[in-house]
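Please read the structure below before turning to the comments.
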Amino acid sequence: MLAFILRRLAQSVIVMLVVALIAFMVFRYVGDPIASMVGVDTRLEDQEIMRDRLGLNDPFYVQFGRFIGNAVRGEFGISYRLQQPVSQLILERLPATIELAFASALIALVFGVGLGVFTALKRGSWLSGFIMSASLVGVSLPTFLIGIGLIYIFAVELQWLPSFGRGQTVDLGFWRTGLLTESGLRSLILPAITLSLFQLTLIMRLVRAEMLEVMRTEYIRFARARGLSQRAIHFGHALKNTLVPVITITGLQLGSVIAFAIVTETVFQWPGVGSLFINSVQVVDVPVMAAYLMFIALVFVVINLLVDILYYVVDPRLRVDAAGGAK
Amino acid sequence: MSELNTPGTAVPLEQSPIAPKPPGRIRQALDSDIVYSYTRSPVTIIASIIALLLILMAVFAPLIAPYNPFNPASLNLMDGFTPPNSTSFSGNYFALGTDHQGRDVLSTIMYGLRVSLFVGALATLFAMAIGISLGLAAGYNGGTLDAVIMRIADIQLSFPAILIALLIFGIARGLIPPSQQEGAAVWVLIVAIGLSNWAQFARTVRGATMVERQKDYVSAARIMGVHPIVILVRHVLPNVMGPVLVIATIGLALAIIEEATLSFLGVGVPPTQPSLGTLIRIGQQFLFSGEWWILLFPAITLILLALSVNLLGDWLRDALNPKLR
Amino acid sequence: MTSALTRIGAALLASSILVSAASAETVRWARASDALTLDPHSQNQGVTHNFAHHIYETLVDRDVEGNLQPRLATEWAVSEEDPTVWVFTLRQGVTFHDGAEFTAEDVVFSLDRARSEKSNMRQLHVDVESVTAVDDHTVEVKMAGPSPLYPNNLTNTFIMDKTWSEANDVVEVQDYAAGEDNYAVRNTNGTGPYVLTSREVDVRSVLTLNENHWAEEAPAVTEIIYLPIAENATRIAALLSGEVDIVQDVPVQDVERLSSTDGIKVETGPENRVIYFGYKFGEEPLASSNITDRNPFNDPLVREAMHLAIDRDAIQRVVMRGQSIPTGVANPPFVAGWTEELNAYSAPDLERARELLAEAGYPDGFTVTLDTPNNRYVNDEAISQAVVGMLGQIGIQVTLASRPVAQHSPLVTSNQTDFYLLGWGVPTFDSAYVFNDLIHTKDGSYGAYNGGLYSNPELDEMIQSLGTEVDTAVRDATVAEIWATVQEDRVLLPIHNQVLAYAMRDDITLAVHPENQPMLTTVTFGE
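Top line first, the protein sequences correspond to chains U, A and W. Using full-length UniProt numbering, read the first sequence as starting at 1 and increasing by one per residue. Using full-length UniProt numbering, read the second sequence as starting at 1 and increasing by one per residue. Using full-length UniProt numbering, read the third sequence as starting at 1 and increasing by one per residue.
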């Protein structure tokens with residue numbers, strides 16, 4: 001058990017190091033951070049002084065070593081653009097992204113499971129055929145187009161919902177939440193829907209496929225033979241069995257929802273880490289970009305690690321097979 | 001996602017162990033089952049007709065497009081913002097109107113489709129090539145190589161494709177000298193999208209390969225001294241082509257949308273040779289100013305393209321998966 | 001929890017305040033981006049200055065016509081004894097937000113801080129030798145030589161409180177290279193008309209009226225909520241749906257629709273910024289051209305042909321939707337040295353342009369890459385795209401390379417581009433600022449943005465003489481002479497001066513500021 005966890009941990013550390021290297025390398029060479037920090041009329045010699053002060057003239061490995069050393073301590077330096085500690089910026093923005101990600105995951109889960117069950121049970125009906133095809137429209141539409149369309153309809157034409165931002169927020173000290181005010185909740189609706197559509201489709205199709213699979217198993221046939229009501233069979237047995245993979249996938253997807261939020265946050269001016277990232281990419285704010293990538297990598301590594309360990313605990317077969325490596 | 005992986009495990013193999021060529025999925029695909037399920041699905045028929053029309057439009061754009069929007073010298077700026085179905089400042093007729101540069105929207109859509117399909121198809125082929133080779137290698141060899149490849153695939157799968165493509169685009173920007181960047185943009189895009197989508201292929205192929213590897217006919221071939229590459233290509237590959245085809249179709253739709261999103265974020269092809277995504281990014285600026293046609297028509301085309309390809313992929317998956325029939 | 005009782009209480013409280021300030025008004029002000037920092041000397045950037053002007057104040061200021069006007073200094077003049085010394089008389093009875101009195105000490109401290117090594121405002125004060133307080137309300141600035149235009153450089157140099165800065169350890173400008181955090185980046189103590197009450201970077205900042213401000217008339221706006229919204233469509237949607245009151249960065253294509261929308265009006269006015277194209281001079285062949293044995297741009301005939309191929313009026317009408325002022329000179333009308341004759345431009349003549357190209361030895365034209373920013377100026381990419389088409393019609397095949405400004409401007413400063421678009425604002429309202437950076441040979445602190453590497457030693461000498469020339473008549477003559485040569489050589493290919501558009505609720509009036517730095521103190525309400 002311990003050996004397994006240690007090995008997984010070691011793998012995770014390697015993953016983090018690789019991501020750190022990529023993050024640092026790429027962003028060091030995208031554009032010129034100095035150019036975006038200074039006004040258009042800063043003299044070249046002043047720019048050179050700044051370059052020196054920022055250590056941008058040091059050899060690559062020195063800069064990278066400095067970066068790793070600081071990253072371990074949770075320090076990613078000061079944002080070139082906002083001149084505030086990056087870790088603090090990310091922590092300030094995190095609640096917004098997490099609330100958005102959870103809201104959209106919730107929408108995706110509720111509607112995904114509901115529609116998935118429906119389309120599985122009513123296979124062949126024109127309505128489920130329609131839902132299946134319509135769900136494809138969801139994945140065939142780029143997220144930014146959905147967002148702009150929703151803004152145009154619900155904010156501009158109908159004026160029902162706000163078009164940007166988080167509305168009124170309440171500061172709980174460690175967490176700035178938009179869930180406690182009416183305007184905060186109203187602001188959440190459009191971006192959460194936009195972000196959820198893709199996951200919704202995914203979950204719906206997963207549930208449908210799993211349901212169809214389960215419905216074919218002996219044990220459902222047996223339950224049917226025993227004369228259990230349809231309702232009991234569908235929801236008590238079939239759905240229950242499909243939920244394990246669904247929840248696992250949703251959990252694993254949560255990380256990518258956070259990262260996917262980049263586009264949604266940009267369109268809705270949602271003050272989360274995704275829009276912080278895009279704003280930073282545009283002005284080549286290296287510390288923020290690097291920290292964001294590291295942060296996303298950390299989220300994934302932690303979620304994956306937890307899932308691995310959980311599986312290991314739950315499924316004894318894996319213990320024998322653990323040497324096999326990847327799942 | 002797991003849905004995509006299941007077909008590989010359900011390969012009916014009843015032929016003799018050393019059959020020269022086990023009938024692959026492709027050949028089965030031409031069998032009547034598939035054709036039957038196709039004729040029974042009006043949605044699929046419509047989708048395939050639309051996809052075919054769009055592809056033809058893209059391929060023959062230079063012959064059928066009323067104007068050549070990629071030739072800047074032929075444009076008249078004063079024709080800009082001509083509404084659909086009307087005659088412009090210079091007396092030309094534009095069925096779908098013109099954009100802010102005086103380009104015919106219908107022609108830009110045809111040419112844009114060309115760029116989008118070109119990028120999408122090549123990126124998918126690229127992803128497929130990498131994914132299949134790595135998947136075969138991992139599944140056949142097992143051990144450390146397998147662990148390493150699959151770990152990389154895990155990492156890559158857990159990062160959203162957009163983020164990876166942004167990264168690769170950034171690397172390329174840093175490596176290619178400024179004067180060459182515009183010419184290279186399309187290729188960078190292909191590599192970026194391709195590299196962000198290979199893992200799906202690798203996973204599926206690996207799974208199927210592991211199953212095949214344990215089959216008697218493969219062991220027998222191995223004992224007979226047949227080179228692993230020959231075994232993989234002749235015996236294993238045909239058996240995984242079904243699921244690969246499904247992933248490729250859906251991957252194509254994903255690649256097209258990814259290209260559009262990258263263009264929206266401003267890291268796509270140059271605006272003088274726009275793809276559908278670039279056209280949407282441009283058109284989106286005119287959402288409030290009343291020139292709806294600059295956004296609407298390319299957006300509809302993109303949706304139609306992605307939707308019809310997705311529908312085909314969907315149908316293909318169900319048709320190739322006997323369990324779901 | 002808001003119980004009904006507290007709401008009523010709050011309403012009563014609010015109404016009692018309303019009695020004193022009859023027109024208590026909150027304005028929600030949206031822009032494309034946020035101030036980069038609150039440290040007034042750390043960034044020389046328009047958006048940051050614009051925000052800071054509401055909290056901090058400068059010695060002198062510019063009104064909407066571009067004229068200098070007194071702010072913390074009531075008078076300024078060159079010393080009678082010494083032509084290299086500027087004397088500033090300070091306003092009396094001014095206090096900082098924390099109650100401290102504003103004195104000459106604070107000015108000395110702030111100017112020294114602004115010209116310290118880590119300050120980004122340094123370049124505007126390079127000629128300053130020393131700053132001294134004569135008495136509590138008089139400050140002398142000793143320059144290296146006669147600097148007749150120095151007060152022009154002070155319009156964005158803000159005054160901080162010395163005591164406050166020392167108490168909070170912000171005597172030095174933040175050194176973010178060293179990873180230092182700095183109190184002044186997030187906290188303020190100015191003398192300005194508003195006090196910062198809350199701030200979430202990139203999200204919202206709230207400014208409330210400074211009740212103790214020195215101005216006789218209190219501004220009509222009593223609270224400002226500043227909201228950065230990066231996406232154009234989202235920003236306009238927010239105004240259309242009534243979520244914001246003023247949008248400062250309005251895309252040109254939305255001007256018409258917004259003006260015709262009920263309840264919304266648009267103010268437009270010229271910005272002190274010219275948009276132009278630059279090209280590479282010199283014998284060396286271009287990196288991006290199919291002509292590999294010489295540089296076509298170096299031929300005056302080619303440059304003339306290009307000028308004749310550009311249809312500035314078409315760009316203005318279609319690309320800019322009328323929101324620009326076409327020009328034939330790379331010098332905005334606000335700037336001293338601008339004349340009607342310089343501004344004139346010839347009508348496009350494609351036939352003549354083709355003849356000129358053939359005469360220059362390029363009957364089939366040539367190829368070249370045009371580098372353009374795509375997020376810096378109004379419709380920058382679309383302007384470049386239009387020019388690609390126009391040059392295509394005379395046979396010059398242009399490939400367009402479009403990049404965010406962070407990647408574009410290094411190409412210009414490091415001479416890696418053959419042909420580029422750039423915009424130039426002139427904060428000093430004087431031609432010398434244009435010459436120093438765009439026309440003078442690239443050399444040391446001169447010619448930083450002379451990406452075409454134009455070099456004319458005679459002009460260089462004349463440009464340098466402008467810095468110390470005290471006789472205005474002589475100086476004006478030199479400026480005119482330099483412009484004449486610049487135009488004759490066609491050093492730059494000017495397109496237009498930018499026009500700014502602010503959109504707002506129709507009971508609000510906010511005039512366009514030529515440097516795009518409007519003060520919300522100038523907002524008036526009512527039809």
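By construction, the Cβ of each residue, glycine as well, lies at the ideal position given by its N, Cα and C atoms.
Could you tell me whether the Cβ of G290 (chain A) comes closer than 7 Å to any Cβ of chain W?
-> Within the second sequence, numbered from 1, the residue matching residue 290 (chain A) stands at position 290. So, interface residue.
Can you tell me whether DSSP reads D430 (chain W) as helix, strand or coil?
-> Locating residue 430 (chain W) in the third sequence gives position 430, where the first residue counts as 1. In the three-state reduction of the DSSP assignment, D430 (chain W) falls in the strand class, which pools E and B.
Please say whether A305 (chain W) and L77 (chain A) have beta carbons closer to each other than 7 Å?
-> For the purposes of this step, residue 77 (chain A) is taken as the residue at position 77 of the second sequence. For the purposes of this step, residue 305 (chain W) is taken as the residue at position 305 of the third sequence. Against a cut-off of 7 Å, the Cβ pair of A305 (chain W) and L77 (chain A) comes out as no contact.
Ends of the alpha helix (DSSP H) at N310 (chain A)?
-> Looking up residue 310 (chain A) in the second sequence gives position 310. 292 to 320 is the span of the alpha helix (DSSP H), which, as asked, contains N310 (chain A).
Using three-state DSSP, classify A100 (chain W) as helix, strand or coil.
-> As a position in the third sequence, residue 100 (chain W) is number 100, starting the count at 1. DSSP places A100 (chain W) in coil when its eight states are reduced to three.
From what residue to what residue does the beta strand (DSSP E) around V233 (chain A) run?
-> In the second sequence, counting from the first residue as 1, residue 233 (chain A) sits at position 233. Premise fails: V233 (chain A) is in no beta strand (DSSP E) and is neither H nor E.
By DSSP, does residue 528 (chain W) sit in helix, in strand, or in coil?
-> Beyond the ends of chain W as shown, which are 1 and 527, falls residue 528 (chain W); an answer cannot be given.
Taking C-alpha atoms, which residue in A:E182, A:L302, A:E259, A:I300 lies nearest to T369 (chain W)?
-> Position 369 of the third sequence holds residue 369 (chain W). Among A:E182, A:L302, A:E259, A:I300, the Cα nearest to that of T369 (chain W) belongs to A:E182.
Are the C-beta atoms of residue 542 (chain W) and some chain A residue less than 7 Å apart?
-> Residue 542 (chain W) is absent from the structure shown; chain W starts at 1 and stops at 527.
Helix, strand or coil for T367 (chain W), going by three-state DSSP, please let me know.
-> In the third sequence, the residue the question calls residue 367 (chain W) occupies position 367. Three-state result, T367 (chain W): strand.
Specify the secondary structure class of F130 (chain U) as computed by DSSP and reduced to three states.
-> Here residue 130 (chain U) is taken as the residue at index 130 of the first sequence, counted from 1. F130 (chain U) sits in a helix when the DSSP states are folded into three classes.
P162 (chain U) CB to nearest chain W CB: under 7 Å?
-> Stepping through the first sequence from its first residue, residue 162 (chain U) is reached at position 162. Judged by the 7 Å Cβ criterion, P162 (chain U) is in contact with chain W.
Provide the residue span of the alpha helix (DSSP H) that contains W175 (chain U), from first to last.
-> Position 175 of the first sequence, counted from the start, is the residue given in the question as residue 175 (chain U). Per DSSP, W175 (chain U) belongs to no alpha helix (DSSP H) and is neither H nor E.
Name, in chain order, the residues that DSSP records as bridge partners for M211 (chain U).
-> For the purposes of this step, residue 211 (chain U) is identified with residue 211 of the first sequence, where counting begins at 1. The partner list for M211 (chain U) (beta bridge, DSSP) is empty, contrary to what the question assumes.
Determine the direct distance from the alpha carbon of P162 (chain U) to that of S241 (chain W), and round the result to whole angstroms.
-> Residue numbering aside, residue 241 (chain W) sits at position 241 when the third sequence is read from its first letter. Residue numbering aside, residue 162 (chain U) sits at position 162 when the first sequence is read from its first letter. When only Cα atoms are considered, S241 (chain W) and P162 (chain U) end up about 8 Å apart.
Exposed unless 16 or more other CB atoms sit within 10 angstroms - verdict on I149 (chain A) | Here the question's residue 149 (chain A) lines up with position 149 in the second sequence. With 16 or more other Cβ atoms within 10 Å, it is buried.
Which of helix, strand or coil does DSSP assign to L280 (chain U)?
-> As a working mapping, residue 280 (chain U) is identified with position 280 in the first sequence. A small fix is needed here, since residue 280 (chain U) is Ser in this sequence, not Leu. DSSP places S280 (chain U) in helix when its eight states are reduced to three.
Through-space distance from A153 (chain A) to A202 (chain A), alpha-carbon basis | In the second sequence, residue 202 (chain A) corresponds to position 202, counting from 1. In the second sequence, residue 153 (chain A) corresponds to position 153, counting from 1. A202 (chain A) and A153 (chain A) have their alpha carbons spaced roughly 8 Å apart.
Do we get a CB-CB distance below 7 Å when we pair residue 531 (chain W) with the residues of chain U?
-> It is not possible to answer for residue 531 (chain W), since the shown part of chain W is limited to 1 through 527.
Over the uninterrupted beta strand (DSSP E) stretch that includes D254 (chain W), give me the two end residues.
-> Taking the first residue of the third sequence as 1, we reach residue 254 (chain W) at position 254. Run containing D254 (chain W): none in the beta strand (DSSP E); it sits in the alpha helix (DSSP H), 252 to 259.
Three-way DSSP call (helix, strand, coil) for K442 (chain W) in this model | As a first step, residue 442 (chain W) is located in the third sequence; it is residue number 442 there, counting from the start. Three-state DSSP puts K442 (chain W) in coil, outside helix and strand.
Does DSSP put M150 (chain A) in a helix, a strand or coil?
-> The residue given as residue 150 (chain A) occupies position 150 in the second sequence. Of the three classes helix, strand and coil, the one that applies to M150 (chain A) here is helix, per DSSP.
Can you find a CB in chain W that lies within less than 7 Å of the CB of L190 (chain U)?
-> Counting from 1 along the first sequence, the entry for residue 190 (chain U) is found at position 190. Not one chain W Cβ lies under 7 Å of L190 (chain U).
Nearest-angstrom beta carbon gap, V281 (chain U) and L101 (chain U) [assumed within contact, 8 Å] = Mapped onto the first sequence, residue 101 (chain U) falls at position 101. Mapped onto the first sequence, residue 281 (chain U) falls at position 281. The question names Leu, but residue 101 (chain U) is Ala in the sequence shown. Not a contact, Cβ separation roughly 20 Å.
So, do the segment 196 to 210 of chain U and the segment 115 to 131 of chain U have three or more beta carbon pairs nearer to each other than 8 Å?
-> Because the criterion of three Cβ pairs below 8 Å is met, the segment 196 to 210 of chain U and the segment 115 to 131 of chain U touch.
Exposure of A184 (chain W), with buried meaning 16 or more beta-carbon neighbours within 10 Å = The residue labelled residue 184 (chain W) in the question sits at position 184 within the third sequence. When all chains shown are included, A184 (chain W) counts as buried.
Limits of the alpha helix (DSSP H) - the one that N70 (chain U) falls within = Along the first sequence, read from residue 1 onward, the residue named residue 70 (chain U) stands at position 70. Segment 60 to 72, the alpha helix (DSSP H) holding N70 (chain U).
Measure the Cβ-Cβ separation of T222 (chain W) and L209 (chain W) and say whether it is below 7 Å.
-> The residue given as residue 222 (chain W) occupies position 222 in the third sequence. The residue given as residue 209 (chain W) occupies position 209 in the third sequence. Contact check for T222 (chain W) against L209 (chain W) passes: the beta carbons are separated by less than 7 Å.
Closest to G194 (chain A) by CA distance: which of A:E259, A:V226, A:V218, A:I223 is it?
-> Taking the first residue of the second sequence as position 1, residue 194 (chain A) is located at position 194. Here the closest residue by C-alpha is A:E259.
Short Cβ contact (7 Å threshold) for A353 (chain W) with L301 (chain W) | Here residue 353 (chain W) refers to the residue found at position 353 of the third sequence. Here residue 301 (chain W) refers to the residue found at position 301 of the third sequence. Not closer than 7 Å, so no.
Output, in sequence order along the chain, the residues in the segment 265 to 279 of chain U whose CB is closer than 9 Å to any CB in chain W.
-> Sequence-ordered contacts of the segment 265 to 279 of chain U with chain W read T266, V267, F268, Q269, P271, S275, L276, I278, N279 [C-beta pairs closer than 9 Å].
What residues match up with H496 (chain W) in a beta bridge as DSSP calls it?
-> To locate residue 496 (chain W), count along the third sequence from 1; it is residue 496. Answer is W:I275, W:P326, bridged to H496 (chain W).
What's the gap between the Cα of V318 (chain W) and the Cα of D99 (chain A)?
-> Here residue 318 (chain W) corresponds to residue number 318 of the third sequence, with the count starting at 1. Here residue 99 (chain A) corresponds to residue number 99 of the second sequence, with the count starting at 1. In this structure, the CA atom of V318 (chain W) is about 10 Å from the CA atom of D99 (chain A).
Within 10 angstroms of its Cβ, does V126 (chain W) collect 16 or more other Cβ (buried), or is it exposed?
-> Counting from 1 along the third sequence, the entry for residue 126 (chain W) is found at position 126. Under this definition V126 (chain W) is an exposed residue.
Identify every residue that forms a DSSP beta bridge with M143 (chain W).
-> Against the third sequence, residue 143 (chain W) aligns to sequence position 143. DSSP lists W:V128 as partners of M143 (chain W).
With 7 Å as the threshold, decide whether the Cβ of A299 (chain A) is near any Cβ in chain W.
-> As a first step, residue 299 (chain A) must be located in the second sequence, where it is residue number 299. Chain W contact via Cβ: absent.
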